[in-house]
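Right, one structure below, let's go through it.
In full-length UniProt numbering, the protein residues as written are 1 to 216.
Next comes the structure, spelled out in structure tokens:
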């Protein structure tokens, strides 16, 4: 089986020249955007469902249709796996829900902040194939260009990112160095089992896939 998914098209050929300035500005400031009510409610639901749970927790951000969250729940039956996505439509497509899985409709930036402010840490955090926002002008829309980025180091010491655009992960790795002083390398990735619909589509199109694993 093959797919015809297009490769990332960008007018940016390397790490953005404004990345360091942007990230370091965010490191020196506090992200003060008000928490949206529905995201607060999703967080409170998360607390009510997990406050008595003693198992370690895994967070799957930008989980889309939940395929990766389900796979993680099956792979780690002794963990509680939380998948978050802002789209009700994508989450409504989930047809299977293991007992150790919780799906939440919430945006990442609010949920991440609420978890950090409540001193909640996850054993592992996955961000698989986020929107790369490849246009040069859209640097601030990438997670490492967003003012919420500094919260990520407080959310989990173990983070896995995947993308079909190596520059996205290279920028993230550089940003992580400025945030923590620790360097990690982007590597090519060949999936044995497809974790997400995007991963399957990109791989069957013959695209190169990349992975960044952070383990502090």
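Each residue gets a CB set at the ideal place from its N, CA and C atoms; glycine is no exception. Keep in mind the model is a prediction, meaning the values are calculated, not measured.
Could you give the DSSP three-state label for residue i: helix, strand or coil?
{"i": "residue 116", "result": "helix"}
{"i": "residue 123", "result": "coil"}
{"i": "residue 284", "result": "Residue 284 cannot be examined here, being either before or after the span of the chain that is shown, 1 to 216."}
{"i": "residue 210", "result": "strand"}
{"i": "residue 163", "result": "strand"}
Going by other Cβ atoms of all chains shown within 10 Å of its Cβ, with 16 needed for buried, is residue i buried or exposed?
{"i": "residue 38", "result": "exposed"}
{"i": "residue 95", "result": "exposed"}
{"i": "residue 92", "result": "exposed"}
{"i": "residue 110", "result": "buried"}
{"i": "residue 150", "result": "buried"}
{"i": "residue 66", "result": "buried"}
{"i": "residue 135", "result": "exposed"}
{"i": "residue 177", "result": "exposed"}
{"i": "residue 41", "result": "exposed"}
{"i": "residue 183", "result": "exposed"}
{"i": "residue 17", "result": "exposed"}
{"i": "residue 28", "result": "exposed"}
{"i": "residue 137", "result": "exposed"}
{"i": "residue 86", "result": "buried"}
{"i": "residue 199", "result": "buried"}
{"i": "residue 74", "result": "exposed"}
{"i": "residue 117", "result": "exposed"}
Since residue i and residue j should fall inside the 8 Å C-beta cutoff, what is the C-beta to C-beta distance between them, to a whole number of angstroms?
{"i": "residue 128", "j": "residue 90", "result": "Residue 128 to residue 90, Cβ: 13 Å. No contact."}
{"i": "residue 119", "j": "residue 84", "result": "At roughly 18 Å, the Cβ-Cβ gap does not stay under 8 Å, so residue 119 and residue 84 are not in contact."}
{"i": "residue 197", "j": "residue 64", "result": "7 Å"}
{"i": "residue 103", "j": "residue 69", "result": "7 Å"}
{"i": "residue 167", "j": "residue 12", "result": "7 Å"}
{"i": "residue 205", "j": "residue 5", "result": "4 Å"}
{"i": "residue 43", "j": "residue 114", "result": "4 Å"}
{"i": "residue 186", "j": "residue 173", "result": "6 Å"}
{"i": "residue 175", "j": "residue 144", "result": "4 Å"}
{"i": "residue 82", "j": "residue 160", "result": "About 15 Å; that fails the 8 Å criterion."}
What are the boundary residues of the beta strand (DSSP E) that includes residue i?
{"i": "residue 220", "result": "Here the chain comprises residues numbered 1 to 216, so residue 220 is not present and cannot be evaluated."}
{"i": "residue 199", "result": "Careful: residue 199 lies outside any beta strand (DSSP E), inside the alpha helix (DSSP H) at 197–204."}
{"i": "residue 186", "result": "186–189"}
{"i": "residue 97", "result": "Careful: residue 97 lies outside any beta strand (DSSP E) and carries neither H nor E."}
{"i": "residue 105", "result": "101–105"}
Could you spell out the range, first to last residue, of the alpha helix (DSSP H) harbouring residue i?
{"i": "residue 90", "result": "88–91"}
{"i": "residue 154", "result": "152–155"}
Those runs of the alpha helix (DSSP H) which lie wholly inside the stretch 15–80 and span at least 4 residues:
You should have 19–27, 37–50, 67–75.
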